[in-house]
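What follows is a single structure, written as structure tokens, with notes after it.
Protein chains: 2
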Amino acid sequence: MEQKILLKESDVPRQWYNFAADLPTPLLPPLGPDGNPVSPDMLAPVFPMNLIEQEVSQERWIDIPDEILNILYRWRPAPLKRAVYLEQHLKTPARIYYKDESYSPPGSHKPNTAVAQAWYNKQFGIKRLTTETGAGQWGSALAFACKLLGLECKVFMVRISFEQKPFRKIMMQVWGANCVASPSSETNAGRKVLEQMPDTPGSLGIAISEAIEQAVTDPSGTTRYSLGSVLNHVLLHQTIIGLEAKKQLEYAGEKLPDVVIGCAGGGSNFAGLAFPFAAEKINGAEMTIIPVEPAACPTMTRAPFAYDFGDTACTTPLLAMYTLGHAFVPPPIHAGGLRYHGMAPLVCQAIVEGLLEPRSYHQNKCYEAALTWAATEGAICAPETSHAVAAAIDEAQKAREEGKEKVILLNYSGHGLMDLSGYDAFLAGKLTDYELPDEDLQKFTKELENLPKAEIRKTGKW
Amino acid sequence: MEQKILLKESDVPRQWYNFAADLPTPLLPPLGPDGNPVSPDMLAPVFPMNLIEQEVSQERWIDIPDEILNILYRWRPAPLKRAVYLEQHLKTPARIYYKDESYSPPGSHKPNTAVAQAWYNKQFGIKRLTTETGAGQWGSALAFACKLLGLECKVFMVRISFEQKPFRKIMMQVWGANCVASPSSETNAGRKVLEQMPDTPGSLGIAISEAIEQAVTDPSGTTRYSLGSVLNHVLLHQTIIGLEAKKQLEYAGEKLPDVVIGCAGGGSNFAGLAFPFAAEKINGAEMTIIPVEPAACPTMTRAPFAYDFGDTACTTPLLAMYTLGHAFVPPPIHAGGLRYHGMAPLVCQAIVEGLLEPRSYHQNKCYEAALTWAATEGAICAPETSHAVAAAIDEAQKAREEGKEKVILLNYSGHGLMDLSGYDAFLAGKLTDYELPDEDLQKFTKELENLPKAEIRKTGKW
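As you go down the protein sequences, you meet chains F and U in turn. Position 16 of the first sequence, counting from 1, maps to 16 under the working numbering, and the rest follow consecutively. Position 239 of the second sequence, counting from 1, maps to 239 under the working numbering, and the rest follow consecutively.
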């Protein structure tokens with residue numbers, strides 16, 4: 001049997017799958033500062049209307065424009081690989097498949113939505129996009145997409161990453177982006193922070209505020225903001241992952257997987273793989289679907305479901321989600337992409353419904369899994385991806401104990417070649433395991449009490 | 001038309017192609033310190049006999065063991081891609097294809113031979129391999145191969161790279177290799193240099209001497225040395241690249257390419273792509289085959305064809321090749337893999353025969369080409385690979401001027417994600433163009449006069 005299940009470009013799905021259309025209980029609406037639902041036109045200064053339409057769409061299938069597919073073909077369709085060497089190592093009867101999203105030029109799944117967002121903005125007459133980035137995966141993906149589509153790109157990179165990860169910054173510059181450390185002196189939000197805390201390492205929350213400010217205050221009206229996860233349209237663009245994987249599993253002679261796994265920071269790579277399978281679960285299929293997060297940032301496993309802001313500066317609409325509170329200060333774990341205080345509302349509502357079974361892991365366990373992966377499958381995974389690998393290993397061992405021939409599918413969301421310092425710390429025995437103390441959880445989530453309450457609604461079917 | 005021509009694992013060639021069998025004039029023999037040809041058994045302390053047999057083989061086709069294929073399947077077959085976006089940008093009638101060798105876990109073509117060498121060593125009962133590495137591509141490839149096959153791996157990394165490229169070192173450590181800065185205090189060769197020059201930045205020549213010394217002095221006899229380029233068996237293992245590409249061009253409906261291009265440091269990635277096509281040229285096909293080197297290290301374009309040592313310390317046999325002299329000190333260009341003083345004897349004899357048309361480029365031109373590539377094809381190439389890209393762009397422009405629908409094939413030997421500092425220097429306008437001065441060429445090659453002469457033998461057919 002072939003170890004890789006390849007697709008042709010002509011096999012790539014022509015439509016994205018919109019999970020909102022099948023969600024058993026609809027999403028709670030985003031709320032404005034006055035507590036009333038936000039109407040689409042209120043988002044117009046931030047996002048182009050064509051993406052806002054996708055954000056609120058209830059259509060199950062949304063056509064992927066040919067021009068977007070033509071750009072994605074630079075690396076898509078992504079291979080589905082059977083992890084035969086890991087299986088042998090674990091002596092598991094499980095068949096482990098992984099969708100390899102590391103082949104994109106920036107090295108992760110992020111370009112799937114970066115390209116789509118840049119294309120829709122360009123269609124809408126936008127000339128320039130602003131965004132924020134933490135570890136740099138998202139910033140480099142948007143830089144890449146803007147370069148290929150001829151848009152300007154401005155990235156506010158969290159200062160500590162800007163200084164510690166010069167290579168990510170160079171990568172963005174190779175693709176022509178203007179990348180500055182955040183907080184910067186270019187925005188009111190940045191200047192205000194710098195006045196109070198000149199030596200601040202920065203945060204994703206501050207960087208988001210700066211990026212949004214630059215987008216909405218451009219007098220020409222041709223700048224918009226772009227977000228790499230959390231929002232419905234971002235997750236929509238990532239469903240190409242799961243749709244391809246579904247076809248590939250069929251080609252491999254498999255029925256539906258028994259277990260579907262992805263790491264989840266804002267939720268986009270997880271949802272991209274999982275939602276097309278979650279649709280089958282809604283239709284009656286039995287399946288365990290596991291989003292994995294760090295124990296240091298336990299949004300899905302320990303935080304309340306509540307209305308909260310997306311950024312620290314409280315400039316975004318309120319979203320109903322599991323949240324550690326917008327003031328949450330994540331510990332310095334190496335999986336920079338998994339340190340967000342909230343989680344995509346679509347993922348959260350699916351958790352509320354009982355469709356997903358979130359799980360958290362300590363970072364040492366994840367690096368151990370990553371080393372096992374490197375020693376068997378060969379590749380070095382991103383620190384974020386190592387969470388999915390760790391869960392897959394656990395599930396494969398469980399299958400061995402149960403003596404069951406399960407099919408396990410995971411999203412290999414990116415490679416770790418730009419993030420090797422975490423491996424270095426782990427190999428030197430210097431990596432610390434953080435687990436959020438209860439008192440911190442209570443402190444950060446206390447502020448949620450002053451915000452509108454998010455109603456828990458579920459059908460009780462799962 | 002599909003932009004990527006994919007193969008199945010079952011399409012991967014089952015035999016390597018040995019160019020030595022078809023070379024119109026045979027290679028001059030390697031010579032020992034006494035000026036007499038080296039017999040295979042004299043190499044036995046350094047290499048296992050099964051690889052020495054490959055080194056001297058005249059068989060045209062050599063079977064690839066299934067177990068090696070099974071390891072290569074982790075990333076092979078490598079896609080052949082049509083560079084449609086670059087073609088559009090250049091407005092060329094040429095069709096540009098590139099063989100993408102950047103998909104291997106270490107990120108280059110190097111694992112094709114690292115896996116084969118580690119496997120043959122293991123078959124021969126060897127437990128541990130030693131090697132040297134400059135920029136780190138080869139060291140990480142051998143670390144990777146040894147990890148998958150359960151061998152120990154010791155890498156002597158040129159000190160300046162060891163200090164400037166900590167991520168390559170971490171990569172090797174993730175794959176379990178022991179990587180030390182060279183010169184080290186672990187060998188006589190290293191200690192001797194350190195006594196005389198405690199602050200030396202090190203060199204590939206010194207690192208080779210250290211690696212060979214550790215291999216031949218292991219009292220258990222279970223350590224051997226492994227080289228990442230230059231030698232016949234290394235080039236042999238790389239021919240899988242060209243054999244795959246040939247099949248892929250057929251699948252794309254193309255006849256033979258008009259132009260074949262690869263960058264050449266020691267010659268292995270170039271030969272891997274080019275030799276299966278050079279065989280067709282020997283059989284009468286018209287084709288321009290271009291190995292590309294840096295103007296700073298102009299081995300093929302300006303150096304004499306002569307017998308010379310492979311290392312600075314003069315411990316290897318003498319090889320007949322184009323050489324800048326074993327004492328050559330390369331300038332600090334960013335394409336670390338193209339700074340070797342010599343060149344694979346098989347490539348050199350093909351040049352002597354007139355089968356190849358070597359060319360040299362300045363590094364600024366190469367980085368400019370790399371940025372054009374990133375802006376069109378999307379990916380960030382290795383500094384070495386940028387030489388092939390620059391030549392392909394020149395050839396595509398020439399095709400436009402001539403109004404010819406040429407087929408251009410290049411080897412995309414690796415990605416540049418671990419080598420971004422050269423891009424940084426280029427973008428900042430701080431990159432210097434080095435061209436070897438005539439007086440330096442004369443100085444370094446003067447020592448060759450004291451060595452046996454290499455006879456220029458050619459059929460005169462090309």
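Glycine is no exception: its CB is placed at the ideal position from the N, C-alpha and C atoms. This structure is a prediction, so every number in the text was calculated from the model and none was measured.
Checklist entry - Should the region 380-387 of chain U be called in touch with the region 405-419 of chain U, which here means at least 3 C-beta pairs below 8 Å? => result yes
Item to check | Chain-order list of residues whose beta-carbon lies under 8 Å from that of GLY378(U) (same chain, five-residue window excluded) | outcome: Taking the second sequence and counting its residues from 1, the one referred to as residue 378(U) is at position 378. Result list for GLY378(U): TYR85, in chain order.
Item to check | DSSP state of ALA391(U) mapped onto helix, strand, coil | outcome: Translated into positions along the second sequence, residue 391(U) becomes position 391. Of the three classes helix, strand and coil, the one that applies to ALA391(U) here is helix, per DSSP.
Item to check | Closer than 8 Å at the beta carbon, the chain F residues around GLU368(U) | outcome: The residue you call residue 368(U) lines up with position 368 of the second sequence. Here the premise fails: no neighbours, minimum Cβ distance about 12 Å.
Item to check | THR130(F) beta carbon less than 8 Å from that of THR223(F) | outcome: Walking along the first sequence from the start, residue 223(F) turns up at place 223. Walking along the first sequence from the start, residue 130(F) turns up at place 130. A contact, by the Cβ cut-off of 8 Å.
Item to check | Neighbourhood of ILE62(U) by C-beta distance below 7 Å, restricted to the same chain and skipping five residues each side | outcome: Working through the second sequence from its first residue, we reach residue 62(U) at position 62. Residues GLN15, TRP16, ASN18, GLN54, LEU236 of the same chain have their beta carbon placed closer than 7 Å to that of ILE62(U), with the five preceding and five following residues left out of the count.
Item to check | CB-CB length for TYR73(F) against GLN3(U), believed under 8 Å | outcome: Position 73 of the first sequence, counted from the start, is the residue given in the question as residue 73(F). Position 3 of the second sequence, counted from the start, is the residue given in the question as residue 3(U). Confirmed, Cβ separation roughly 5 Å.
Next on the checklist: In the DSSP assignment, the alpha helix (DSSP H) including LYS446(U) goes from what residue to what residue?
Outcome noted: As a position in the second sequence, residue 446(U) is number 446, starting the count at 1. Start and end: 438-446.
Checklist entry - So is ALA391(U) in contact with chain F if we call contact Cβ pairs under 8 Å? => result Position 391 of the second sequence holds residue 391(U). Chain F, which has no Cβ nearer than 8 Å to the Cβ of ALA391(U), makes this no.
Next on the checklist: According to DSSP, simplified to helix, strand and coil, what is ASP41(F)?
Outcome noted: One-based indexing of the first sequence puts residue 41(F) at position 41. ASP41(F) falls in the helix class under three-state DSSP.
Item to check | Per DSSP, the bridge partner or partners of ALA271(F) | outcome: Sequence index remark: in the first sequence, residue 271(F) carries index 271 (1-based). BP columns for ALA271(F) are empty, so no partner.
Checklist entry - Taking 8 Å as the CB-CB limit, is PHE162(F) close to chain C? => result Of the protein chains in the structure, F and U, none is chain C.
Next on the checklist: Can you pull the chain F neighbours of LYS8(U), defined as C-beta to C-beta under 8 Å?
Outcome noted: If you number the second sequence from 1, residue 8(U) lands on position 8. Per Cβ cutoff of 8 Å: GLU2, LEU6.
Item to check | CA-to-CA distance, ILE351(U) to PRO65(F), given in whole angstroms | outcome: Here residue 65(F) refers to the residue found at position 65 of the first sequence. Here residue 351(U) refers to the residue found at position 351 of the second sequence. Cα-Cα distance, rounded: 49 Å.
Checklist entry - Taking Cβ-Cβ distances shorter than 8 Å, what residues in chain U pair up with ASP424(F)? => result Translated into the one-based positions of the first sequence, residue 424(F) becomes position 424. PRO166, ILE170, GLN173, listed in chain order.
Item to check | Length of the line joining the Cα atoms of ASN178(F) and CYS153(F) | outcome: Along the first sequence, read from residue 1 onward, the residue named residue 178(F) stands at position 178. Along the first sequence, read from residue 1 onward, the residue named residue 153(F) stands at position 153. Their backbone Cα atoms lie some 6 Å apart in a straight line.
Checklist entry - When you compare each of PRO257(U), LYS165(U), PRO317(U) to GLY32(U) by their alpha carbons, which one comes out closest? => result Against the second sequence, residue 32(U) aligns to sequence position 32. The shortest C-alpha to C-alpha distance from GLY32(U) to any of PRO257(U), LYS165(U), PRO317(U) is the one to PRO317(U).
Item to check | C-alpha gap between VAL389(U) and TRP373(U), whole angstroms | outcome: To locate residue 389(U), count along the second sequence from 1; it is residue 389. To locate residue 373(U), count along the second sequence from 1; it is residue 373. If I take the Cα positions, the gap works out to 8 Å.
Item to check | Members of the region 368-382 of chain U near chain F, C-beta cut-off 9 Å | outcome: ALA370, LEU371, ALA374, ALA375, THR376, GLU377, GLY378, ALA379, ILE380
Next on the checklist: Here's a check: name, in chain order, each residue in its chain whose Cβ is nearer than 6 Å to the Cβ of ILE52(U), leaving out the five neighbours to either side.
Outcome noted: As a working note, residue 52(U) is residue 52 in the second sequence. Around ILE52(U): PRO40, LEU43.
Checklist entry - If you follow the alpha helix (DSSP H) that ASP424(U) is part of, which residue opens it and which one closes it? => result The residue given as residue 424(U) occupies position 424 in the second sequence. Unbroken alpha helix (DSSP H) run through ASP424(U): 421-427.
Item to check | Neighbour list for LEU427(F) in chain U, Cβ cutoff strictly below 9 Å | outcome: Along the first sequence, one-based indexing puts residue 427(F) at 427. What LEU427(F) touches in chain U: ILE170, GLN173, VAL174.
Checklist entry - Do ALA295(U) and LYS99(U) have their CB atoms nearer than 8 Å? => result In the second sequence, the residue the question calls residue 295(U) occupies position 295. In the second sequence, the residue the question calls residue 99(U) occupies position 99. For ALA295(U) and LYS99(U), no; Cβs fall outside 8 Å.
Item to check | Buried or exposed (CB count within 10 angstroms, at least 16 for buried), ILE456(F) | outcome: Along the first sequence, read from residue 1 onward, the residue named residue 456(F) stands at position 456. Exposed, by the Cβ-count rule.
Item to check | Distance CB(ILE408(U))-CB(VAL259(U)) smaller than 8 Å | outcome: For the purposes of this step, residue 408(U) is taken as residue 408 along the second sequence, with counting starting at 1. For the purposes of this step, residue 259(U) is taken as residue 259 along the second sequence, with counting starting at 1. Yes, they are a contact pair.
Next on the checklist: I need the boundaries of the alpha helix (DSSP H) containing THR68(U), first residue and last residue.
Outcome noted: By one-based count along the second sequence, residue 68(U) stands at place 68. The sequence as given places Ile at residue 68(U); Thr does not occur at that position. In the DSSP annotation of this structure, the continuous segment of the alpha helix (DSSP H) that includes ILE68(U) starts and ends at 66-72.
Next on the checklist: So MET418(F) contacts chain U; which residues on that side make the cut at Cβ distance below 7 Å?
Outcome noted: As a working mapping, residue 418(F) is identified with position 418 in the first sequence. Within chain U, the residues near MET418(F) are LEU417.
Checklist entry - Can you list the residues of chain F that LEU148(U) reaches, using a CB-CB cut of under 9 Å? => result By one-based count along the second sequence, residue 148(U) stands at place 148. Those are TYR85, ALA375, THR376, GLY378, listed as they occur along chain F.
Checklist entry - What does PHE144(F) reach in chain U if we use C-beta pairs closer than 8 Å? => result Taking the first sequence and counting its residues from 1, the one referred to as residue 144(F) is at position 144. Simply GLY378.
Next on the checklist: Just to confirm, is the Cβ distance from ALA396(F) to ILE96(F) under 8 Å?
Outcome noted: Along the first sequence, one-based indexing puts residue 396(F) at 396. Along the first sequence, one-based indexing puts residue 96(F) at 96. Yes, the Cβ-Cβ distance between ALA396(F) and ILE96(F) is below 8 Å.
Item to check | the region 154-174 of chain F contacting the region 200-219 of chain F, beta-carbon criterion three pairs below 8 Å | outcome: yes
Item to check | Contact list for GLY107(F) against chain U, beta-carbon separation under 8 Å | outcome: Counted from its first residue, the first sequence places residue 107(F) at position 107. Near GLY107(F) (Cβ distances below 8 Å), the residues of chain U are LEU417.
Checklist entry - CB of THR200(F) to nearest heavy atom of the ligand FMN: below 7 Å? => result Ligands displayed in this structure: none; no statement on the ligand FMN is therefore possible.
Next on the checklist: Need the endpoints of the alpha helix (DSSP H) that TYR103(U) sits in, please.
Outcome noted: Along the second sequence, one-based indexing puts residue 103(U) at 103. Element bounds for TYR103(U): n/a, residue is neither H nor E.
Checklist entry - Going along the region 63-92 of chain F in order, which residues come within less than 7 Å of chain U, judged by CB to CB distance? => result Under the 7 Å Cβ criterion, the region 63-92 of chain F contributes TYR73, ARG74.
Checklist entry - Taking just the CA atoms, how far does LEU355(U) sit from CYS263(U)? => result As a position in the second sequence, residue 263(U) is number 263, starting the count at 1. As a position in the second sequence, residue 355(U) is number 355, starting the count at 1. Straight-line Cα distance between these residues: approximately 16 Å.
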